[in-house]
Structures are given as structure tokens and as C-alpha cells.
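Chains as they are written, first to last, in the numbering used here: chain W, -12 to 340; chain G, -12 to 340; chain S, -12 to 340. Notes follow the structure.
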Amino acid sequence: MKNMRTFINVEDIGPLEKALAEAQEIKNDRFKYQHLGKNKTLMMIFFNNSLRTRLSTQKAAMNLGMNVIVLDVNAGAWKLETERGVIMDGDKSEHLLEAIPVMGCYCDMIGVRSFAGLTDREYDYAETVLNQFIKYSGRPVFAMETATVHPLQAFADLITIEEYRGYVGTVARGRENSASAEGNLVPPYPRTSVPPRKLKVVLTWAPHCRALPQAVPNSFAQWMNAAPDVDLVITHPEGYELDPKFVGNAVVEYDQKKAFEGADFIYAKNWSNPGVTNPADYGKITSKDMSWTVDTEHMSWTNNGKFMHCLPVRRNLIVTDDVIESPNSLVIPEAANREISCSVVIKRMLEAL
Amino acid sequence: MKNMRTFINVEDIGPLEKALAEAQEIKNDRFKYQHLGKNKTLMMIFFNNSLRTRLSTQKAAMNLGMNVIVLDVNAGAWKLETERGVIMDGDKSEHLLEAIPVMGCYCDMIGVRSFAGLTDREYDYAETVLNQFIKYSGRPVFAMETATVHPLQAFADLITIEEYRGYVGTVARGRENSASAEGNLVPPYPRTSVPPRKLKVVLTWAPHCRALPQAVPNSFAQWMNAAPDVDLVITHPEGYELDPKFVGNAVVEYDQKKAFEGADFIYAKNWSNPGVTNPADYGKITSKDMSWTVDTEHMSWTNNGKFMHCLPVRRNLIVTDDVIESPNSLVIPEAANREISCSVVIKRMLEAL
Amino acid sequence: MKNMRTFINVEDIGPLEKALAEAQEIKNDRFKYQHLGKNKTLMMIFFNNSLRTRLSTQKAAMNLGMNVIVLDVNAGAWKLETERGVIMDGDKSEHLLEAIPVMGCYCDMIGVRSFAGLTDREYDYAETVLNQFIKYSGRPVFAMETATVHPLQAFADLITIEEYRGYVGTVARGRENSASAEGNLVPPYPRTSVPPRKLKVVLTWAPHCRALPQAVPNSFAQWMNAAPDVDLVITHPEGYELDPKFVGNAVVEYDQKKAFEGADFIYAKNWSNPGVTNPADYGKITSKDMSWTVDTEHMSWTNNGKFMHCLPVRRNLIVTDDVIESPNSLVIPEAANREISCSVVIKRMLEAL
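Listed below in C-alpha cells is the structure:
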């Protein structure tokens, strides 16, 4: 993948073993490739809010010696016209055919955050905004969560699972409480005693009070399907089926307890109805079933499973306090690995410039 | 101009031939003067929104090795008192006599964006905010579009015209569509076969749905009047006369077709009524005449003229899709040159520190 | 203090003579310790607005070679849940037990701005937000004005007083008007002819139209009590008593004229009622007595006293135009020293990493 110009899907990163090895190399020396970014500029374009992505991406780019320009585009204040032939006398003051090439003029690489609107499935799943940047900016473009994917998160999740692969069935070493001051300081993890079997990883839906995009579960499924030695089970209420292109060969199990049995990793996430079964339900909340909240009883069904979530998380909707604060909660190391996954992606793109 | 402390008017940059040569030198090696900015800080102060200026100025300053601090002053939230003797118990929490010197404390150079209010011509044309920064900051100050001028844009326009001077009367080489991915990647342009005559450059008013400042046409006129081997014609509906100090010796032609005949470059821009003919009209929209929109018929009157606009542009009000997407549209290379014009200005100011 | 992990109170900086000597050393060569910050990242987290602190802290961190990430947390838009057991289905989308460790993941040092709410004295004086960052971020944390303290300001004030100690009873040399372009360019000040007596420093309350926190007077009192060769007098209307832990051994004098007599430095500031005498008054405005506004008559009672204020200042409420613009007004040099005080603090924290 010397020629990486986009980072959207798992294929873009090439062989995952190599990507994981690079992640560990960079985690051991975050500034090793700092020469690559000299006099290169990353432009981060946010159409939606961000905490983890904003911070970790800036950090990764700076680790690599880049300059960073952050552009917050308030979606309300700056609407881009996308059609030709329109007399632009309304609320859209610029056409994307000018705006995007201009942004490309002032940088060497672009990161884009643009959430799903959750009203028009076709528009969202066509990744319209992301593809406009790819087509018109003239620059390599990576997704910082877009309408249907969040690959930097999924890659960080994979790195985290690999780091804890050697501790399957045990309580995570040296972690008494994930929220302690030390919780975020996970040392480079020795990859020892990897079990000679596939990991059982479960992606579970959980209830939420607001309609959320499918980007995180989509990418998580895609990456787990591609991951070495992982069996993915997806569990959710009926009607919440993810898009088949992301589900791939994963097992879909509507009985959450069955899904959890023997699981090594539980990855909880809410998503709104993907509209696969019933297109009219797209983006809607069609279940608030609180029996899906991950609590200690749920975790007791697993193989001393590790708990994961991409954050931010609504406690006691998605997961109880006890579970997220338990030694087996990996939410903070997982967030910390966002810096690492992003570093690998930017490094690859810099090498391909 | 070793002693450049302000950048507002064309005189501030000194001989234009020298400035243009420096622009080409920097375009060939954007990082050549990086040592100049070491341990120097640019403060960019925005009283109004910005896309191109924000990005290109940051890029230019980083090219020159500077640190950059961006300060967004929401004009509504942070009002500065300007009068003495006022008991400040209203909505203004700080006096400019404190705020501006303090901002000067933490930087070596200041860029200011502050648009015209378009209600009080005298206040706007006195460049009150800009001059307060010049007087009280203790730092060199450049305009990032202020009430009546936008010199970084005009300088970028001049650089662009010089780059395409060798292609007068022809279709711009290697550019099939200005909005293509390659449209913004104009190579350093060889300045060959310059015609042995003056260029005919036309600044044309075009209709718009909102009242816009006169800063861009003012500066464009000022710079074209000063440019080597350029004849400037200004065309607009009667009543839209620009301030005489910017019009200078340019020809004003109310018949748009006559103005366009034989033109080498068409520079389209809307501006609100400058209030020169009728002071009561200042800042108002007194024409929305759509016959002024630049379309292919308009361009057919020219000498295969190149189309320019500072962006953002409202399509099919200012210019049709066909014209702005044509090979002769220079809007993207023009925007790209904002990085170059700004680099020259900052370099000069750094040399004068 | 090789081990500085927090910067909140005066004790955190260790012996003040040493800190002041370091301040002068850094003022003479702001980039001397630039190697310390290489590949280190400061995260500045703002729950409230900032001008001076935002700019001076960025400048200080860049002087020291650090990367800087600025995070504006709109207190309204991003509310953090702090309780356990709550079903988070309301307006709080993240729990501090996740948010804070995550922020710590992406940086090496944190600065926090979080003002007092002024409704719950106990909550404010417990420094709840600041202490959450200290407890859960895993990083060294310094206060960029928090609920009850503003130590970067107080340290800058002390540096300024030391710089002008040699000029007690005289008009400040070479300063005709603090708001002139040169007003902010105070050269490294020779510390000569220090009088062989203690300085009389007066902290005076002054009226204001809005309820302000006590952070600035609290820290100023704390630092002056600890300062070498300073006698602190605090003067304010009855009922405005500051918290005893900050007042310490300072003299409290309700007669403003008596307090000002023979003063070498007048430090004016408004604060809302601290609720010490009457808890129900906490955070309220219980006096708007305009006779406390510092004018030329007030200053005539002093020993040709220097005038100080942390800014922003409401003129003609806190202080008249004549006084703040007089040669003896130190408000601009004081603001300039914010860069210096912050540089010393960040340098110490970098050394302790």
C-alpha cells in the first residue's frame, strides 16, 4: 500500500499483520517517523463535533512532524451547493466545486469528519461528502468518521484486541480500575501466550436515547471480519440488521445471551435502525430495550471477556458503571490507541506523497 | 521596503516587479525562507469569518517557520469600547486601549480581518479597526481583508495574471476543467512569449443577493492601476462608482459589452453601492440586473479572456457554471496564489523585524 | 520543586526568590529552554472564555518548543456527568471518568480554565473540576484560572512588582502612556536601588456591573502574603471579606483612604461577595459603591503608587481613564508578564516529566 491515497475501508491499509506490526513499532517510538512530515500540512475538516478524533489526530500528525490546520465547518453556517445550474441566491454561499479544490491548495493531506444525516439512506451510504473531497481536493483523504465508516476507530480497536489477545480469559494485568490515573498509561503490551485458537469477539447493540449513525459498528464489523484469527458475532434486536456489505460472514445472533457465551471481547455500541429490513425505519430508534444494557450479569456469560466501547458512552444505558470501571474494561487503552492507528495511517500517506 | 510595518495598500510592497519576482521564487521553493520565522509568532485576529484567508495565511506563516495563534473574535460576544470617559457598565467588557496592546505583547506580527459594517461610510473608509491595531499594537500589521481593502487577494490576482500573461488569447495550457483534481496544481508557470502590448484587464460588477463590501474591487483596481503593462477598465451599472482614490486612472465604462471587447482577463465581483454618487445609497443593493451575470456570450466578446473571481462565488448570479468550469477559468490557481502572496508579505515583515 | 505535578497555589512553585530569578532569566532569553518541550504536547482546556490566558499560554508553550492543542469546551454543549449510577439519558453525553483520562492520553501536560459558578460556594471552593483533572487525567495540571484561584496571574503580578521595586515613589521610567505602541515593550528591567524597606501593596475592591469570581484577589493575596519584603493591605466594603485561607496575615482595612496612604502599588479588582460573613450572599453583588472607583484623587493618597489590574478592566467603574493611562499604570507590562510566569511554570513541569 505504498500508494495509499484514501483511508476508508480495511482494504486501504493492506495486510493487517503488517499494519499491526507498524502500530507496535510506532507505539514504542511515537516520533520515529517525524522526518516524514517535515513541511507537510494536514488539514482536518470537521462538519461535526469531535473530541477524541480531534485530539488524537492532531497528536498523531504532530508526532509525525506535520503542521496541522483545523477547520471547523459549522454545517448550519456554511452550506455548500452541490448541484449545477442552480442560481445560488439562497443560503449556500459557495459551491463544493470551488470550496474543495481550494482547501486542497493549502495542504498535503485531508482528514474529513462528516456524519450521516440519517434521513436519506442512499445519500448517506453513497458517502457523498467524503467522495467529493476525494474527487475534487487533489489530496489524499482519510475518514475521521464519515456517514457510514469510522476506520481510525476500528483500527484502534483491532490494535487493542491484539494487545490483549495474550490475556484472554484473565483479568487484565495491572489494571484495577480503568478510570484511575494510571488507566490511560498502558505500557507497550508484550504479545505473549497468544491462545492457539480464534478469538470470539462480539459486537452488541445497546440502547440509547438519541439516534446514532452506524459508522462505528459498520467499520468494526468490517475490520473484525478481516482480522486474523477472529470470529465475529453480531447481536442486536431484530430489525437492527447492519448493511450486508459490512456484516460479511459474521454470525448474526438475536439472542444476546447466546452471543455473549464464551466471548473474549464484548464491543458495545448503539446504532439507529440501518433500514436494511425496512427502509422506512432508516435512522430511527425502533428499540429502547434496556435488557440489552451490558451489566455484570451479561459479562458473567463471557470468558472473562474484556469490555470495549469507542466512547463517548452513556453510562447505564449502554453499560453499567460496574462494568465500565472494572479491570476488564479497555475503554481508555482503546481511546489511547486512536493516536497509534492514526499515526500509522498518516505515516503511510506521507510515504505515498 | 526593508522597513515594511503595514500591508494595506499597493505602495506598501514597493516595486511590483520585485514583489512578483519574489513570488515566483517562493512558489518554486516555499520553504526557502523558513529560517526567518524561527521563534516568531503570527497572531491572526478574525472579527469576521474566513475560509481562504484563514487557511492560506496559516500555511504561508508555517512555510516561513513561524508559530501561529488564531484568535476568533465573535464580534457579538466581545465588543471593544473605543471612547474615553465612558462608564463601561454595558456590553463592552474591554477597552481597545488595553486589548490591542495586550494582543501585541504575545506575538511578533498581526493579521486582522474586519469587514465593513456598510452602514457608516465614513467609519468604514477611515479603516477604524485596522488603524487602531496599527497605532496601539506595537507590531507590524497586515490586512486580511478589512473594511475597504483586501491587498493579499489583489496581490494574488496580480501574480496569477502575470503567470498567464504568456497565454493571452489562448486556452490555458493543460487545464481542461478548473474544478478537476488537477485544477489546483498549477505548476510554476514559465513566463514566456509575453505579448509586446499592455494587457486589457476588466473588473466587472455582477449581481448578488446580499450586500457585499467594496474591499476586493477597491484593492483590485488599486493594484491593477499600479501593475506593469496593464490597462484597467471598470464596468458596472450607473450609481455603483467605486471610490475615486481606488479608481485612479482606470477607464469606467457603463456598457458591459464594450468593456469586455478584446479583454484578456475578466475579473468579476459583486459589490454593494459605494455611496460615491449618492451617499444615502452606501452599502445598499441598488441593482440586481441579471444581464450582468458573466456567461459564455459575455466571454465570447473577449480575446479568449481568462475568467477570475476571488471566491467564494455564487454561481449563476456572478457567473454561469459553464464559464467558471471552462479551461479559461483561473479561480483555483488564483486561490492557490493566496499562499504565495501572503508568503511574500510575511517574509518582508519578518525581514523588517 | 523538581517534582511539580500541579500549579494551583503559591507553594507549588517553591521558593519565590528562585522562581523570580528564573522569570528574569527567561525574560532575557525566552527560547533558552526550547529543548525541554520537544515532542511534548500541552493541552489547553477552556470551559470558559479567555483572551490573555489563551494567548500567553500558547506563546509560552511554543517558546518552550511544545506542541499545543487548544480545546474549547462550550460548557453548554458538552456537559459531563459526574455522578455514578445515573442513567445518562439526559443532556450529558459523557462521564468525566471517561472524558478526562482520554484527554490525558493525547498530551503530556494539561492547563484548565473553569470559572466559579457563583451559586454553590462549597462546590466552587472545593475546586471540583480542577481536582477531577488532577485525579483522573494522569498528567501534570496547571490552573488557567479556576473557580477560586488564578496563580499564573498572581505570579505575573509578582514579577511585575519586582521589576518596578527599584522605582518605588517615582514615575515609571520611559513610560509616558501605558497604551502607547511602546507601552507593551518593557525591556528587561534592571533591579537596582531596591529600597531597604518592605513594599506596601494594596489590594482594593472596586465596583463592577456583573458578578465576578474571587479567583484573582484570592491568588493575589496568597502570593503577596508569600512574597519577600511585601506588606499586603486588603481594602473593600464591609461584607466583601475574602476567604480567610487567602487573606492570611494581611491587614484588612475598610477605610479605602487609610489603606491607600503611602501605598507603593495599588492592585484594583472587583469581586462578588465571597459569602464569608453571610453565606447567603455568596456570588452576589452587595455593593456598587462608586466612591471605590480608583481615580486621580485616590492615587494622590499613595506614595506615587503604581496602578495594577489583571485586565480586562471596565474603565470608569474600576478605574478612571486618567489613572489607567498614566505613566504609573503597569497594566500592559503586567499582561506581558503572563507569558513569563507561564513559561516558568511550564518549564518546571517539563523538567519534572
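Glycine included, every Cβ here is placed at the ideal spot set by N, Cα and C. The structure displayed is predicted, hence computed values, not measured ones.
Since residue i and residue j should fall inside the 8 Å C-beta cutoff, what is the C-beta to C-beta distance between them, to a whole number of angstroms?
{"i": "Gly292(G)", "j": "Ile253(G)", "result": "5 Å"}
{"i": "Asp308(G)", "j": "Arg71(W)", "result": "5 Å"}
{"i": "Glu326(W)", "j": "Cys196(S)", "result": "So it is not a contact: roughly 45 Å between Cβ atoms."}
{"i": "Leu229(W)", "j": "Pro200(W)", "result": "Leu229(W) to Pro200(W), Cβ: 12 Å. No contact."}
{"i": "Val136(S)", "j": "Ala202(S)", "result": "5 Å"}
{"i": "Leu304(G)", "j": "Asp78(W)", "result": "That pair is no contact at about 14 Å."}
{"i": "Arg217(S)", "j": "Leu186(S)", "result": "Checking the sequence, you will find Val at residue 217(S) rather than Arg. About 5 Å separates the two Cβ atoms, so the contact holds."}
{"i": "Val55(W)", "j": "Gln45(W)", "result": "5 Å"}
{"i": "Phe120(S)", "j": "Ile87(S)", "result": "6 Å"}
Quick one: list the residues of chain G neighbouring residue i, beta-carbon separation under 7 Å, in chain order.
{"i": "Met75(W)", "result": "Arg301, Arg302, Asn303 and Leu304"}
{"i": "Cys297(W)", "result": "By Cβ distance, chain G contributes nothing, its closest Cβ being about 29 Å from Cys297(W), past 7 Å."}
{"i": "His82(W)", "result": "Arg302"}
{"i": "Asn54(W)", "result": "Met49"}
Residues of chain S with CB under 9 Å from residue i, in chain order?
{"i": "Thr(-7)(G)", "result": "In chain order: nothing, as chain S lies at least about 12 Å away."}
{"i": "Cys329(W)", "result": "Here the premise fails: no neighbours, minimum Cβ distance about 10 Å."}
The alpha helix (DSSP H) with residue i in it runs from where to where?
{"i": "Val155(S)", "result": "Unbroken run through Val155(S): none, as it is neither H nor E."}
{"i": "Thr273(G)", "result": "It is not in any alpha helix (DSSP H) - Thr273(G) carries neither H nor E in the DSSP assignment."}
{"i": "Arg39(G)", "result": "Arg39 to Asn50"}
{"i": "Glu75(W)", "result": "What sits at residue 75(W) in the sequence shown is Met, not Glu. First-last for Met75(W): undefined, no H or E at that position."}
{"i": "Val203(W)", "result": "Ala202 to Ala213"}
{"i": "Leu7(G)", "result": "Leu3 to Asn15"}
{"i": "Ile32(S)", "result": "Per DSSP, Ile32(S) belongs to no alpha helix (DSSP H); it is in the beta strand (DSSP E), Thr28 to Phe33."}
{"i": "Leu337(W)", "result": "Val318 to Ala339"}
{"i": "Glu109(W)", "result": "Arg108 to Tyr112"}
{"i": "Asn117(W)", "result": "According to the sequence as given, residue 117(W) is Leu; it is not Asn. Element bounds for Leu117(W): Thr115 to Tyr123."}
{"i": "Met295(S)", "result": "That residue, Met295(S), is in no alpha helix (DSSP H); its beta strand (DSSP E) goes Lys293 to Met295."}
Could you spell out where the beta strand (DSSP E) holding residue i opens and where it closes?
{"i": "Leu58(S)", "result": "Asn54 to Asp59"}
{"i": "Met96(W)", "result": "Met96 to Arg100"}
{"i": "Thr222(G)", "result": "Val217 to Thr222"}
{"i": "Tyr93(W)", "result": "Per DSSP, Tyr93(W) belongs to no beta strand (DSSP E) and is neither H nor E."}
{"i": "Phe252(G)", "result": "Phe252 to Lys256"}
{"i": "Phe352(G)", "result": "There is simply no residue 352(G) to check, as chain G begins at -12 and stops at 340 in what is shown."}
{"i": "Glu68(W)", "result": "Lys66 to Glu68"}
{"i": "Phe18(W)", "result": "Counting along the chain, Phe18(W) falls outside any beta strand (DSSP E), and DSSP gives it neither H nor E."}
{"i": "Thr191(S)", "result": "Leu186 to Trp192"}
Quick one: list the residues of chain G neighbouring residue i, beta-carbon separation under 9 Å, in chain order.
{"i": "Met336(W)", "result": "Near Met336(W) there are no residues of chain G at all, since even the closest Cβ is about 16 Å away, more than 9 Å."}
When every heavy atom of the ligand COA is checked, does at least one fall within less than 7 Å of the C-beta of residue i?
{"i": "Glu149(W)", "result": "This structure does not include the ligand COA; it has no bound ligands of any sort."}
Which residues of chain W have a Cβ atom closer than 7 Å to the Cβ of residue i, listed in chain order?
{"i": "Ala323(G)", "result": "Cys92"}
So which residues of chain W does residue i contact, with C-beta pairs closer than 9 Å?
{"i": "Leu58(S)", "result": "Leu38, Arg41 and Leu42"}
In chain G, what lies closer than 8 Å to residue i by C-beta?
{"i": "Asp308(S)", "result": "Arg71 and Gly72"}
{"i": "Val99(W)", "result": "Going along chain G, no residue has its Cβ under 8 Å from Val99(W), so there is no contact; the nearest lies around 15 Å."}
Using the beta-carbon of each residue, which ones in chain W are nearer than 8 Å to residue i?
{"i": "Glu326(G)", "result": "Cys92 and Tyr93"}
Using a C-beta to C-beta distance shorter than 7 Å, which residues of chain S count as neighbours of residue i?
{"i": "Ile146(W)", "result": "The contacting residues do not exist; Ile146(W) stays about 13 Å from chain S at best."}
{"i": "Ile333(W)", "result": "What Ile333(W) touches in chain S: nothing, since even the nearest Cβ is about 14 Å away."}
Using a C-beta to C-beta distance shorter than 8 Å, which residues of chain S count as neighbours of residue i?
{"i": "Ile319(W)", "result": "Glu85, Pro88, Val89 and Cys92"}
Inter-stretch contact (C-beta, 8 Å, three-pair minimum) for the stretch 209 to 216 of chain G and the stretch 265 to 278 of chain G: no
Short-range partners of chain W found in the stretch 104 to 137 of chain S, where Cβ spacing is below 9 Å: Ile121, Lys122, Tyr123, Ser124, Gly125 and Arg126
Given 8 Å, three or more beta-carbon pairs between the stretch 279 to 291 of chain S and the stretch 48 to 60 of chain G: no
Chain G contacts from the stretch 27 to 45 of chain S (Cβ-Cβ distance under 8 Å): Asn36, Leu38, Arg39, Arg41, Leu42, Ser43 and Gln45
Interface residues of the stretch -10 to 18 of chain W facing chain S [CB-CB below 8 Å]: Arg17 and Phe18
Three-pair Cβ contact test at 8 Å for the stretch 319 to 332 of chain W versus the stretch 95 to 113 of chain G: no
Segment contact flag, the stretch 82 to 100 of chain G with the stretch 293 to 313 of chain W, C-beta cutoff 8 Å, min 3 pairs: no
Against chain W: residues of the stretch 266 to 278 of chain S by CB proximity under 9 Å: none
Cβ contact (3+ pairs, closer than 8 Å) linking the stretch 90 to 106 of chain G and the stretch 261 to 270 of chain G: yes
Inter-stretch contact (C-beta, 8 Å, three-pair minimum) for the stretch 235 to 247 of chain S and the stretch 129 to 141 of chain S: no
Contact set between the stretch 247 to 260 of chain W and chain S, restricted to residues whose Cβ is under 8 Å from the partner: none
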